[in-house]
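These notes are about the structure you will find just below.
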Amino acid sequence: MKSIPPIRKATRADLPLLLALERAIFPDPWPPSMFEGEIEWGGVLVAGGVETAEIVGFVVAVFERNRVHIANLAVARDHRRQGLGRRLLDEAIDAGGCKGARAAWLEVRASNAAARELYTAAGFREIGRRTGYYRRSRLLGREDAVIYRRDFGSPED
Numbered sequence: 064m065k066s067i068p069p070i071r072k073a074t075r076a077d078l079p080l081l082l083a084l085e086r087a088i089f090p091d092p093w094p095p096s097m098f099e100g101e102i103e104w105g106g107v108l109v110a111g112g113v114e115t116a117e118i119v120g121f122v123v124a125v126f127e128r129n130r131v132h133i134a135n136l137a138v139a140r141d142h143r144r145q146g147l148g149r150r151l152l153d154e155a156i157d158a159g160g161c162k163g164a165r166a167a168w169l170e171v172r173a174s175n176a177a178a179r180e181l182y183t184a185a186g187f188r189e190i191g192r193r194t195g196y197y198r199r200s201r202l203l204g205r206e207d208a209v210i211y212r213r214d215f216g217s218p219e220d
């Protein structure tokens, strides 16, 4: 089992590595401008050493009034199932709580069983769906997003 690398706020210098990881994992990756904006707002946490110039995971947390939106979470394939995704998620939730958030929410592809398992284990509950939210491919069409929410103040916090 690999050790969990340090988690820190992303900087502009991390952008190329963030984009590379995003493109390696997601079929419909975010454009650079989305990451740039969230980095400026301080809502991107990365897992990886500064000296090693490697990022093996990240979470994008958008703070909205009294809740935090987990907008994006990614872990490199060879670092999965080792607690890194949960650690990134917990760090984002803690940051939201420090800013006055009382809940967290996110959406995930209906087919992403591993992520859905992670969110359920972290105390999130399914609250709805967005039909056809994600693009799959020209041949496969679109895929539903499952919406999850976690209220703070639960035993998980």
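Quick note: the sequence shown uses my numbering, first residue 64, plus one each step.
All residues carry an ideal CB built from backbone N, CA and C; glycine is no exception.
Asked: Buried or exposed by the 16-neighbour rule on C-beta atoms within 10 Å, applied to Glu85; Found: buried
Asked: Which listed residue (Gly160, Glu101, Ala178) has its alpha carbon closest to that of Val138; Found: Ala178
Asked: The stretch 203-210 contacting the stretch 145-164, beta-carbon criterion three pairs below 8 Å; Found: no
Asked: Inter-stretch contact at 8 Å, needing at least 3 Cβ pairs: the stretch 137-152 / the stretch 95-102; Found: no
Asked: Span of the alpha helix (DSSP H) around Trp93; Found: Careful: Trp93 lies outside any alpha helix (DSSP H) and carries neither H nor E.
Asked: Test item: CB-CB of Trp168 and His132 under 8 Å; Found: yes
Asked: Neighbourhood of Val171 by C-beta, 8 Å cutoff - its chain only, sequence neighbours within 5 removed; Found: Ala178, Arg179, Tyr182, Ala208, Val209, Tyr211
Asked: Candidates Phe215, Glu103, Phe187, of which the one nearest Ala76 by Cα; Found: Glu103
Asked: Distance between Glu117 and Leu78 (C-alpha atoms, nearest Å); Found: 11 Å
Asked: Exposure of Arg59, with buried meaning 16 or more beta-carbon neighbours within 10 Å; Found: Coverage of the chain is limited to positions 64 through 220, which leaves residue 59 absent and any answer about it impossible.
Asked: Classification of Glu228 by the beta-carbon crowding that lies within 10 angstroms, buried from 16 upward; Found: The structure shown does not extend to residue 228, since the chain is modelled only from 64 through 220, so no value can be given for it.
Asked: Delimiting residues of the alpha helix (DSSP H) encompassing Leu203; Found: Leu203 -> no alpha helix (DSSP H), and no H or E assigned at all.
Asked: Closer than 7 Å: Asn129 CB and nearest the ligand FAD heavy atom; Found: Looking at this structure, you won't find the ligand FAD or any other ligand, since it has none at all.
Asked: Neighbour-count burial assignment, Phe89, 16 or more Cβ in a 10 Å radius; Found: exposed
Asked: Start and end residues, beta strand (DSSP E) containing Ile70; Found: 70-72
Asked: For Gly148, the first and last residue of its enclosing alpha helix (DSSP H); Found: 147-161
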